[in-house]
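Number of protein chains: 2
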Amino acid sequence: MKKILITNDDGIFAPGIRHLWNALKGHFEVTIAAPATEQSGVGVSITAHHPLRLSEYAWSEQARAWCVTGTPADCVKLALNEFYTDPPDLIVSGINCGANSGRNVLYSGTIGGVIEGLMHEIPGVAFSCYDMNNPDFHQAEKHVLNIVNHTLEHSLPSGTLLNVNFPSRTCGEIKGYKLARQGKQFWAEDPDKRFHPSRGHPYYWIGVKLAQFDEHEDSDVSWLQKGFLTAVPIHVGELTDFNHLTARKVNFEKLYP
Amino acid sequence: MKKILITNDDGIFAPGIRHLWNALKGHFEVTIAAPATEQSGVGVSITAHHPLRLSEYAWSEQARAWCVTGTPADCVKLALNEFYTDPPDLIVSGINCGANSGRNVLYSGTIGGVIEGLMHEIPGVAFSCYDMNNPDFHQAEKHVLNIVNHTLEHSLPSGTLLNVNFPSRTCGEIKGYKLARQGKQFWAEDPDKRFHPSRGHPYYWIGVKLAQFDEHEDSDVSWLQKGFLTAVPIHVGELTDFNHLTARKVNFEKLYP
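Residue numbers (the working numbering), protein chains in the order written: chain Z, 893 to 1149; chain B, 893 to 1149.
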């Protein structure tokens, strides 16, 4: 039986991770390592300047689960070191409550846990519900096993993860699957500025506005708005801009005083 | 006079950001927005689930500075919204105390602040000292203006930042500049497990081991070890793995039940 490590960024108590487990239990040897508190927006953060606690969590008789006082990437780091002699076959993260489409991939803790796996050559899939106000985890759950099995049968390239988003419940039944390109939308700043009720000092909520752009018709953002499930192969293994490197190498190196 | 926004991840009180300021003051119209507390390892995290405070910081008569109770990306988001009608010409981050070479770029809060700028089409440069035990900020400071001027004169492609690391002080004088490719090293898990002094429960320090790999001779890691300053053009603007997308599109879309 293949081994899967489950993580998320909404926290081990969140509904979405329970639905991920429901979809995978009985089919795989599952271990769960998820944050003790919500970690939305932490990307591939690691906790470098204070120590971490790791506590067993009463999940189910069929799987062992741990919660970690850190980020999804911390969870993956600790789990790989503490619970595996041979690494898991796949890391699956989510199901996130909210969009991880477009350029939000680098903000996403859900995806951050999967990126940490890629650093160790373990493939991964991130699952998210596009509409945080209308997540249909029950519908999403029905598609997870299908996509996980496909990913295990047709391996992803080294350094590439699969970023899956489910459309809003308001779109009705899922219209189909699209292997899509990354869209452009992201959580722009436009902070909501408020004032303390008695002291009067300002404070700010950020990440409240999803900035929209003209999107390619084959982008995840475009297909999600039409009610399709999207999967974007996201590559973070090699980030060098080789065109720029080649064009500017001599010029830059001559700068040395 | 061109406008530069300075940020970092070690916190507004850290020595490295003061050296960055020393290098740039008088040459640019500088604004500073940096974290109120250390944010090492937070990558491009944003603070999504609690509000942020923004406080003016007594920096210098020549520049206004603010500290933010959040991450470098939060600092950039708030600064762009609160302090600029026209965006700055460049975002400069650091000088970080510790390596941001190889695959650590996605863990780096120093680089995270610059990535946030790229989302808004503002170019950026991250500066870091490779050896956290031997940062030579004084030597590093001498090279900052040179590289910043070059970056402003020869624009970076959209979605690409420049990731600069200074070699260890133990290498002596900087041997030269190298526009290099991204290396492979990263902060592997291998946690340091310790026990509470009276309660006995375990806790873990992560990010304590820099995993090493066979490195390309033109990688930042290789050149840094030989005493060169390195600059890697890192592209995060488009992360779609187009080869995989093309090869697997039909196959994946047929999975729809």
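Backbone N, C-alpha and C define an ideal beta-carbon position, used for all residues, glycine too.
If you draw a straight line from the C-alpha of residue i to the C-alpha of residue j, how long is it?
i: Arg1061(B); j: Val934(B); result: 26 Å
i: Glu1107(Z); j: Phe905(B); result: 41 Å
i: Lys894(Z); j: Phe920(Z); result: 5 Å
i: His1030(B); j: Tyr1095(B); result: 37 Å
i: Tyr942(Z); j: Asp966(Z); result: In the sequence under discussion, the amino acid at residue 942(Z) is His, which differs from the Tyr named in the question. Between His942(Z) and Asp966(Z), the C-alpha separation is close to 12 Å.
i: Ile924(B); j: Ala940(Z); result: 24 Å
i: Glu930(Z); j: Met1024(Z); result: 14 Å
i: Trp951(Z); j: Val922(Z); result: 11 Å
i: His1034(Z); j: Asn992(B); result: According to the sequence as given, residue 1034(Z) is Lys; it is not His. C-alpha separation (whole angstroms): 41 Å.
i: Ala1018(B); j: Leu912(Z); result: 38 Å
i: Trp1079(B); j: Glu1065(Z); result: 43 Å
i: Phe1087(B); j: His1093(B); result: 5 Å
i: Ser1050(Z); j: Phe1105(B); result: 15 Å
i: Glu1145(B); j: Asn914(Z); result: 24 Å
i: Ile1098(Z); j: Leu944(B); result: 8 Å
i: Lys1076(B); j: Tyr1022(Z); result: 33 Å
i: Ser1020(B); j: Asn1041(Z); result: 42 Å
i: Arg1091(B); j: Glu974(Z); result: 21 Å
i: Asn1135(Z); j: Lys1141(Z); result: 10 Å
i: Leu1147(Z); j: Ala1032(B); result: 15 Å
i: Tyr976(B); j: Arg910(B); result: 22 Å
i: Pro1089(Z); j: Glu953(Z); result: 47 Å
i: Ser932(Z); j: Ser932(B); result: 18 Å
i: Ala1139(Z); j: Ala1139(B); result: 29 Å
i: Asn1143(B); j: Asn1143(Z); result: 45 Å
So, residue i versus residue j, is the Cβ gap smaller than 8 Å?
i: Gln1074(B); j: Gly994(B); result: yes
i: Gly1059(Z); j: Leu1121(Z); result: Position check: residue 1059(Z) holds Pro in this sequence, whereas Gly was assumed. Yes, these two residues count as a Cβ contact at 8 Å.
i: Asn1038(B); j: Ala1123(B); result: no
i: Leu972(Z); j: Pro979(Z); result: yes
i: Leu1010(Z); j: Gly908(Z); result: no
i: Pro1027(B); j: Cys1063(B); result: no
i: Leu1131(B); j: His1012(Z); result: no
i: Ala955(Z); j: Tyr949(Z); result: no
i: Asp1110(B); j: Asn1057(B); result: no
i: Ile938(Z); j: Tyr999(B); result: yes
i: Asp902(B); j: Thr1052(Z); result: no
i: Val997(Z); j: Leu897(Z); result: no
Report the CB separation of residue i from residue j in whole angstroms; it is logged as a contact under 8 Å.
i: Val960(Z); j: Leu946(Z); result: 5 Å
i: Leu1137(B); j: Pro1125(Z); result: 6 Å
i: Ser985(B); j: Gly1016(B); result: 7 Å
i: Ala926(Z); j: Thr899(Z); result: 5 Å
i: Leu916(B); j: Val1100(B); result: That pair is no contact at about 33 Å.
i: Pro964(B); j: Gly1001(B); result: 5 Å
i: Pro936(B); j: Ile1014(B); result: Before going on, a small fix: residue 936(B) reads as Val here, not Pro. Contact doesn't hold; Cβ gap of about 14 Å is too wide.
Could you name the residues of chain Z that residue i contacts, counting a contact when the two beta carbons are closer than 9 Å?
i: Gln1031(B); result: By Cβ distance, chain Z contributes nothing, its closest Cβ being about 12 Å from Gln1031(B), past 9 Å.
Strictly below 9 Å CB to CB, what residues from chain B border residue i?
i: Pro927(Z); result: Correct list: empty, because the minimum Cβ distance to chain B is about 12 Å.
i: Asn1038(Z); result: Leu1147, Tyr1148 and Pro1149
i: Thr977(Z); result: Here the premise fails: no neighbours, minimum Cβ distance about 14 Å.
i: Leu1102(Z); result: Simply none; closest approach about 12 Å.
i: Pro1059(Z); result: None at all; the shortest Cβ gap to chain B is about 13 Å.
i: Pro980(Z); result: Within 9 Å Cβ-Cβ: nothing; Pro980(Z) doesn't reach chain B, min ~14 Å.
Mind pulling the chain Z residues with CB within less than 7 Å of residue i?
i: Ser937(B); result: Gly933, Val934, Gly935 and Ser937
i: Glu1130(B); result: Gln1074
i: Lys1070(B); result: Glu1145
i: Asp966(B); result: Ile1098
i: Tyr1095(B); result: Pro943, Leu944 and Arg945
i: Thr1052(B); result: Asp1133 and His1136
i: Arg1140(B); result: His1046 and Leu1071
i: Pro1015(B); result: Correct list: empty, because the minimum Cβ distance to chain Z is about 12 Å.
Anything in chain B within Cβ reach of residue i, meaning under 7 Å, just list it in chain order.
i: Glu930(Z); result: His941
i: Val1124(Z); result: Thr1132
i: Asp1028(Z); result: What Asp1028(Z) touches in chain B: nothing, since even the nearest Cβ is about 16 Å away.
i: Gly1119(Z); result: Under the 7 Å cutoff, chain B gives no residues; its nearest Cβ is about 12 Å from Gly1119(Z).
i: Gly1024(Z); result: Position check: residue 1024(Z) holds Met in this sequence, whereas Gly was assumed. Here the premise fails: no neighbours, minimum Cβ distance about 11 Å.
Is residue i near the ligand MG, in the sense that its beta carbon is under 7 Å from a heavy atom of that ligand?
i: Asn914(Z); result: Here there are no bound small molecules, and the ligand MG is not part of this structure.
Q.
Check whether the stretch 1114-1134 of chain Z and the stretch 1059-1072 of chain Z are in contact - that is, three or more C-beta pairs closer than 8 Å.
A. yes
Q. For the 8 Å Cβ check, are there 3 or more pairs between the stretch 1038-1049 of chain Z and the stretch 1079-1094 of chain Z?
A. no
(Q) What are the residues in the stretch 985-1009 of chain Z lying within 7 Å of chain C by C-beta distance? (A) Structure shown: chain C not included; protein chains present are Z and B.
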